[in-house]
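Below is one structure, written out as structure tokens, with a few remarks after it.
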Amino acid sequence: MSLDNSFYKKRRSFGQKAQTASLVGKGTQAKCQRLKLPEISSREQLKRVQLDLKNAKAREKRAKIKNKQLEAKIQASGTDHTQQISPENLKHAQSDITSIDRSQKVLKSKLTESHKAHQSTAWLLEETQVQLSTMTNKAEKLSDRIQTLNHDRDALRKRRTQAAEAQPKEAWPLPITPVSPQPLALKNSSGTIQPKVRDLLRELAAEGVGTEHMMPVIRHVVTAFGFEIKDSISPRSVSRTVLEGFVQSQVQLAYEISKAKNISISGDGTSIKNLQHEAKLIRLPTDTLHTPSNQAPESPRSTPIPALRTLGVHKAASHTAEAQRDGWNKQIGSCFRLLNESPTGHGQHADSRVFGAKMNGMVSDHAADQKRLAELMEEQKIQCDRQMRGENVLAHLSDDEKEQVFSAHLEVERRQRGICFPMKKKVKPTTEHGYLSVFLLVKTRTRNFPMRRKEPSIYLSGPVVACTRR
């Protein structure tokens, strides 16, 4: 009994000593802080932690040996008194062992943390050394650059001084003769407004300057730069110049459509005071347009980007798909008519059906009328393409071949629809020219061929539908 109590007293005294040592360590650290003593380095802390861990392992080993000896004595004695006391002693021993294990774990965690801190410090040190080397290289390059610049500056200063000394002093200062500004002319000798001035008037009109204020604005700007204007332009001439720009834009649009490989259209409509208004836009590939004179064709800025052209905003009777298609055809037809009547289109007949044949895309919303408009535009594209191909084939045929093809086509129509055409001779129908059939079908509906009905029930009562082979 006395042996057991003495053993546990020693273990308790050992725990109290460890607690007091920790308290003493904390007290000494606080005293060092108050006295402003230098802190211990990380290496000394690591050594101290390793020593404490070693001592703790030795103490744990001794405690386990003593515990085994005690259990052997308790089993050997087998007395009732020892049986009453052994649970309490075991509990105390277990608590001591757990406390020792806990302190050992804490020491291990501190050791691992210090090891990680050392690794991070070493990594930061290496990174700092690399950055320092790069900065030193940059600093050396900058210093060399500064030396070269200083050398160039000194050489330039010397050349300037030598040039000033070599120049004769009698020529300086030169006499300054005042130059009177010449008056600017808006018109040429025949009284016609110059093209540059016309462009200026259109630009000012696009910026919102009214026709009545064109001349005051131009005169104020010219006077501010010290020039004078010797003639003027009336507001009526200004309005005519703006209208000429509108006509030129239509001619330009028709010319670009005729030269483009393909086009795409887009548009939208809205109602303003119960009146329908529609806007129409066309996109053209820029590789078929003119390249600016100050830009090389191989330069990166001349990359083909679709050019946007507008047909303006016009009123419409309704917003149905058929009305929108008729509006497109009307606007494009007027543009091609102006092109054919202008000097630009002199000698070449531009056909408005090129617009339908070259149409490759349409941008719209998901409305039902736009879907129907896309279908109508697709039908118009197929019809225009076939008509133009048929006319091209027909233009390269001789008179005899034309007569043979017409006769064969009319014979086929007579058999299919029961229509009697007066013919001088019968010709076997041929299928050599596939594109001619659609062209001739359309022409038979528009031209006044002499025909008579064989039966009242079949006389071109419905639309003509034809299929051709490509």
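Numbering (the working numbering), first residue to last: 6 to 475. Quick reminder that beta carbons are idealized off the backbone N, C-alpha and C, glycines included.
- The shortest CA-to-CA distance from residue 247 to any of 210, 160, 270 is the one to 210.
- Under the DSSP assignment, residue 263 falls in the alpha helix (DSSP H) whose first and last residues are 240 to 264.
- Within the same chain, and ignoring the five residues on either side of residue 350 in sequence, the residues whose Cβ sits closer than 7 Å to its Cβ are 344.
- The continuous stretches of beta strand (DSSP E) do not include residue 397, which lies in the alpha helix (DSSP H) extending over residues 373 to 400.
- The beta-carbon distance between residue 112 and residue 57, rounded to whole angstroms, is 6 Å. This is short enough to meet the 8 Å contact definition.
- Residue 231 is positioned such that its CB atom lies no closer than 8 Å to that of residue 290.
- Remark: three or more beta-carbon pairs, one from each stretch, lie closer than 8 Å, so the stretch 334 to 342 and the stretch 351 to 360 are flagged as touching.
- Linking residue 216 to residue 275 through their CA atoms gives a straight-line distance of about 29 Å.
- Counting other Cβ atoms within 10 Å of its Cβ, residue 414 reaches 16 or more and is therefore classed as buried.
- For residue 366, the number of other beta carbons within 10 angstroms of its own is below 16, and it is reported as exposed.
- By the criterion of at least three beta-carbon pairs nearer than 8 Å, the stretch 195 to 208 is in contact with the stretch 233 to 252.
- For residue 279, no alpha helix (DSSP H) run applies, since DSSP gives it neither H nor E.
- In this chain, the alpha helix (DSSP H) harbouring residue 407 covers 404 to 422.
- Listed in chain order, the non-local C-beta contacts of residue 282 below 8 Å within the same chain comprise 274, 275, 276, 318, 319, 320, 321, local neighbours out to five positions each way being set aside.
- When secondary structure is reduced to three states using DSSP, residue 365 falls in the strand class.
- In this structure, the CA atom of residue 138 is about 31 Å from the CA atom of residue 49.
- Between residue 131 and residue 167, the alpha-carbon positions lie close to 54 Å from each other.
- Sequence-distant Cβ neighbours of residue 116 in its own chain, meaning closer than 8 Å and more than five residues away, are 51, 54, 55, 58.
- DSSP places residue 214 outside both helix and strand once states are collapsed to three, so it counts as coil.
- Secondary structure at residue 319: strand, using DSSP grouped into helix, strand and coil.
- With respect to residue 329, residue 378 sits close: the two C-beta atoms are nearer than 8 Å.
- Judged by DSSP secondary structure, residue 192 falls outside any alpha helix (DSSP H); it is assigned neither H nor E.
- The residues 234, in chain order, have a CB closer than 6 Å to that of residue 227 in the same chain once the five nearest residues on each side in sequence are set aside.
- Residue 143 and residue 169 have their alpha carbons spaced roughly 39 Å apart.
- At a Cβ-Cβ threshold of 8 Å, residue 64 and residue 102 do not count as neighbours.
- The C-alpha of residue 207 is placed about 36 Å away from the C-alpha of residue 385.
- Approximately 7 Å separates the beta-carbon atoms of residue 198 and residue 242; this is inside 8 Å, confirming the contact.
- Residue 271 and residue 368 do touch by the CB rule: their CB atoms are close to 4 Å apart, below 8 Å.
- DSSP, reduced to helix, strand and coil, places residue 356 outside both helices and strands of the structure shown, so it counts as coil.
- Contact annotation, residue 249 with residue 314: C-beta distance approximately 18 Å; criterion of less than 8 Å not satisfied.
- Within the DSSP secondary-structure output, residue 270 pairs in a beta bridge with 287, 367.
- Excluding residues up to 5 positions away in sequence, 72 lie with their Cβ nearer than 6 Å to the Cβ of residue 98 in the same chain.
- In the DSSP assignment, residue 332 falls within the unbroken alpha helix (DSSP H) covering 326 to 346.
- About 7 Å separates the beta carbon of residue 119 from that of residue 47, a gap short enough to meet the 8 Å contact definition.
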